[in-house]
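If you're matching them up, the sequences are chains A and B in order.
For what it's worth, this note's numbering labels the leading residue of the first sequence as 1, then goes sequentially.
For what it's worth, this note's numbering labels the leading residue of the second sequence as 371, then goes sequentially.
Just so it is clear, CB atoms sit at the ideal spot from N, CA and C, and this is done for glycine as well.
Accompanying notes for the structure given below.
Number of protein chains: 2
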Amino acid sequence: MSGGKGKAEGTTDKLEEFGEGILYDIKMKRNPKFTVTTRTRSNIKYDDKDGFLRLGNSKEEHSFINVAQAKRFMQTVAIAAKCHDFVKQNLHTTIRGLFYQLKYSLGEDIDENIFNEQSESNPLIEDLEVALGIKREYMHLNANRKGVLAGNMKVIDRFGDDRIEIDTGKTGRSGWAIPSDVDNDIEFVDVKAKYVIVVEKDALWQRLNEDGFWKKENAILISPQGQAARGTRRLIRKLADQGLPVYVFNDGDAWGWYIYWTIKTGSMNLAYIGRDIATPEARFIGVTMADIEHYDFLKNLTMRATEVDIKRAQEMLNYPWINRHKEWVAELKKVLETKKKLEQDTLQGPRLTFVDDYIREKIKNRDFLP
Amino acid sequence: MSGGKGKAEGTTDKLEEFGEGILYDIKMKRNPKFTVTTRTRSNIKYDDKDGFLRLGNSKEEHSFINVAQAKRFMQTVAIAAKCHDFVKQNLHTTIRGLFYQLKYSLGEDIDENIFNEQSESNPLIEDLEVALGIKREYMHLNANRKGVLAGNMKVIDRFGDDRIEIDTGKTGRSGWAIPSDVDNDIEFVDVKAKYVIVVEKDALWQRLNEDGFWKKENAILISPQGQAARGTRRLIRKLADQGLPVYVFNDGDAWGWYIYWTIKTGSMNLAYIGRDIATPEARFIGVTMADIEHYDFLKNLTMRATEVDIKRAQEMLNYPWINRHKEWVAELKKVLETKKKLEQDTLQGPRLTFVDDYIREKIKNRDFLP
Chain A
1 MSGGKGKAEG
11 TTDKLEEFGE
21 GILYDIKMKR
31 NPKFTVTTRT
41 RSNIKYDDKD
51 GFLRLGNSKE
61 EHSFINVAQA
71 KRFMQTVAIA
81 AKCHDFVKQN
91 LHTTIRGLFY
101 QLKYSLGEDI
111 DENIFNEQSE
121 SNPLIEDLEV
131 ALGIKREYMH
141 LNANRKGVLA
151 GNMKVIDRFG
161 DDRIEIDTGK
171 TGRSGWAIPS
181 DVDNDIEFVD
191 VKAKYVIVVE
201 KDALWQRLNE
211 DGFWKKENAI
221 LISPQGQAAR
231 GTRRLIRKLA
241 DQGLPVYVFN
251 DGDAWGWYIY
261 WTIKTGSMNL
271 AYIGRDIATP
281 EARFIGVTMA
291 DIEHYDFLKN
301 LTMRATEVDI
311 KRAQEMLNYP
321 WINRHKEWVA
331 ELKKVLETKK
341 KLEQDTLQGP
351 RLTFVDDYIR
361 EKIKNRDFLP
Chain B
371 MSGGKGKAEG
381 TTDKLEEFGE
391 GILYDIKMKR
401 NPKFTVTTRT
411 RSNIKYDDKD
421 GFLRLGNSKE
431 EHSFINVAQA
441 KRFMQTVAIA
451 AKCHDFVKQN
461 LHTTIRGLFY
471 QLKYSLGEDI
481 DENIFNEQSE
491 SNPLIEDLEV
501 ALGIKREYMH
511 LNANRKGVLA
521 GNMKVIDRFG
531 DDRIEIDTGK
541 TGRSGWAIPS
551 DVDNDIEFVD
561 VKAKYVIVVE
571 KDALWQRLNE
581 DGFWKKENAI
591 LISPQGQAAR
601 GTRRLIRKLA
611 DQGLPVYVFN
621 DGDAWGWYIY
631 WTIKTGSMNL
641 AYIGRDIATP
651 EARFIGVTMA
661 DIEHYDFLKN
671 LTMRATEVDI
681 KRAQEMLNYP
691 WINRHKEWVA
701 ELKKVLETKK
711 KLEQDTLQGP
721 RLTFVDDYIR
731 EKIKNRDFLP
């Protein structure tokens, strides 16, 4: 079984060391404890050197002999034990599946459940991820998956007892659905593309895929299908690690910007795995306010910015990692001034294939925001 | 180009006949008009014989020389002309892409747009679908796609100039992403499975896929990933047409029931294409209130039914196509009585693979709701 080797084995080791450490403390009549880096807002920092959101140095200790922490401590150990089982069995579930397993464990005859609500178990999974330095995916807890890809590349998917080779250049209109975990039992080979283009909306991805854009351009065409899931962010990071430039093509509005910055710098709630899912090298190719001036026809296709767009633009102007870029300051100020927004779909206006030329020209002219 | 043949050609013909009819009326100095079946609630009927929601016989005429209808008439013709282009070019877009093309057409110098909001163009596309008897997909207007499939089957995807053969038994952890249009340029061959199992949540689909459930059972494993999109509903219908029984495995709550009944009888807003997307043969295998009594461990894993669940259960008891089934009446009454609900994820409680046995046993014992 391929899952038993390599990375998964490291996970088993870490989970076992965690348990053995606790046992040892008990044997030595010491108070068992473990340390986690704090994930509260005040400990989320922008890493100036590397350009992504990460946790700071503030730590907290969880100990067993502490009235306020004993239950939480016990719960965390229960989670670790279950995940150890999942890895050993080489089976995956979700954080919801884990919750039900733990709720089941104590059964109906015991008054107190380990957990009553999933909102109790979720943060403790993150505690474990941080304390042991292993991502949830390594503990066989899948996150929601979303996102699709086509391009000159092959995927080796070691799935159960099978070794499946998927040519992502031969997935037709469907594309390859990006899984939750792109690290374990999965490999990307023969990556022959020159760059990665990420397109916010699936509709536009389908448009470009139909035109064979990725084939003509020798690119890898990805859509996160809205906000990017963990798996998609991780995959973009991995492709950037292979030296491929990453261009992002989104709506010119609150959501489009947010999706871009999440891909680029990571997000607050995943700051604890920031380095693994952020792609600071990413560039925003559009759509931008300047496009409205450049392409005459877009003037008739703008929309009024909503309150959400305005509020978001104001917020973004306050983030030091955004307002250090004069190009973004200019872009956001123009939104506040004109109160306009623009969707990427508008680029189909003159003809359906216009969007292909738009992207090509932007990349050729290196006309993008940092 | 493969798109020019067969069904697409029929679409071109119909769109051209539509235009020629209008031209002819004008030449003959008659008022151009066309007839559409009314899509208002009062004209949505449950087809007692065949078991799905469809439109009744009430029709309305749209004519050009009528102050209230002239603009709408002109708009519909503009849509038909654009779709004719799309089919001729063998290119696809969305109803949003169509909207922007039409908004573009008149340009910024003309005071009046053909459309100001997409909410104006959407219903006219449905008018055309109904008036001409061609679905949107045939006019190259993709709907949102969602849904994933694995199983013993091959897909021939004639995509642009390529003919791509996809073995849906070799799509690994990802599965095959079900496209918006499963009728044109796409074919399902070597369907060797014995039945279709539809699983509401992608998380459970992944669980079953990992266990090789579809392989062991010789089934086709589909997840609509929530409410089923047009393409997924149409695909389920097509698989049922091949003689495969269809079993649906959902949450036992408002959403789970709704998703089931939508697959089975279609929905109000798509009643105009009811026959093509409804699968009255479908059966609901769970989760059910009876499961809570049958499987002891589930007693600890139920949740309190929400207001939405209660309201939905009451509504469903009023639908004649639901309350004719004593099994559904009993199920819904038990929900109202106990105020409980149950998620399909709970079946992972005793062990992750328990869900496989649950489905297998249900099907073996023919223990499902109609």
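query	result
State yes or no: is the beta carbon of residue 233 of chain A nearer than 8 Å to at least one beta carbon in chain B?	no
Three or more C-beta pairs under 8 Å: does that hold for the region 540 to 549 of chain B against the region 574 to 589 of chain B?	yes
Tell me whether residue 414 of chain B counts as near the ligand GDP, meaning its Cβ is closer than 7 Å to at least one heavy atom of that ligand.	This structure simply doesn't include the ligand GDP, nor any ligand for that matter.
Between residue 384 of chain B and residue 434 of chain B, is the Cβ-Cβ spacing less than 8 Å?	no
Out of curiosity, what's the CA-to-CA distance linking residue 61 of chain A and residue 37 of chain A?	9 Å
DSSP state of residue 482 of chain B, grouped into three classes?	coil
Counting only beta-carbon separations shorter than 8 Å, does residue 500 of chain B have a partner in chain A?	no
Flag this pair as yes or no: are the beta carbons of residue 601 of chain B and residue 567 of chain B separated by less than 8 Å?	no
Identify every residue that forms a DSSP beta bridge with residue 535 of chain B.	B/526
For residue 580 of chain B, which residues in chain A fall below 7 Å Cβ to Cβ?	91, 92, 160
First and last residue of the alpha helix (DSSP H) that includes residue 45 of chain A?	Segment 44 to 47 is the beta strand (DSSP E) holding residue 45 of chain A; no alpha helix (DSSP H) there.
Would you list, in sequence order, the uninterrupted beta strand (DSSP E) runs of no fewer than 3 residues that lie entirely inside the region 26 to 101 of chain A?	33 to 37, 44 to 47, 52 to 55, 59 to 63
Please confirm if the region 675 to 690 of chain B is in contact with the region 63 to 78 of chain A, defined as three or more CB-CB distances below 8 Å between the two stretches.	no
Short of 8 Å Cβ to Cβ, which residues in the region 284 to 302 of chain A face chain B?	296, 297, 299, 300, 301
Let me confirm a value: residue 217 of chain A is counted as buried when at least 16 other C-beta atoms fall within 10 Å, else exposed. Which label applies?	buried
Can you list the residues of chain B that residue 206 of chain A reaches, using a CB-CB cut of under 9 Å?	462, 463, 464, 512, 515, 549, 550
From the DSSP output, read off the bridge partner residues of residue 593 of chain B.	B/518
When the distance is taken between beta carbons, is residue 298 of chain A closer than 8 Å to residue 342 of chain A?	yes
Check each residue of the region 533 to 544 of chain B: if its Cβ is closer than 9 Å to any Cβ of chain A, include it; give the result in chain order.	534, 535, 536, 540, 541, 542, 543, 544
By how many angstroms is the C-alpha of residue 550 of chain B removed from the C-alpha of residue 507 of chain B?	8 Å
Looking at C-alpha atoms only, which residue of A/89, A/53, A/102, A/22 is the closest neighbour of residue 580 of chain B?	A/89
Using a C-beta cutoff of 8 Å, does residue 191 of chain A count as contacting chain B?	no
Nearest CA to the CA of residue 31 of chain A: which residue from A/80, A/73, A/350?	A/73
Could you compute how far the alpha carbon of residue 725 of chain B sits from the alpha carbon of residue 274 of chain A?	35 Å
Once DSSP output is grouped into helix, strand and coil, what is the label at residue 568 of chain B?	strand
Given that a residue counts as buried once 16 or more other Cβ atoms are within 10 Å of its Cβ, and exposed if not, what is residue 595 of chain B?	buried
Can you tell me where the beta strand (DSSP E) with residue 351 of chain A in it begins and where it stops?	Careful: residue 351 of chain A lies outside any beta strand (DSSP E) and carries neither H nor E.
Below 8 Å between beta carbons: does that hold for residue 104 of chain A and residue 609 of chain B?	no
Between residue 328 of chain A and chain B, is any beta-carbon pair separated by less than 8 Å?	no
Check residue 281 of chain A in the structure and name its three-state DSSP category.	coil
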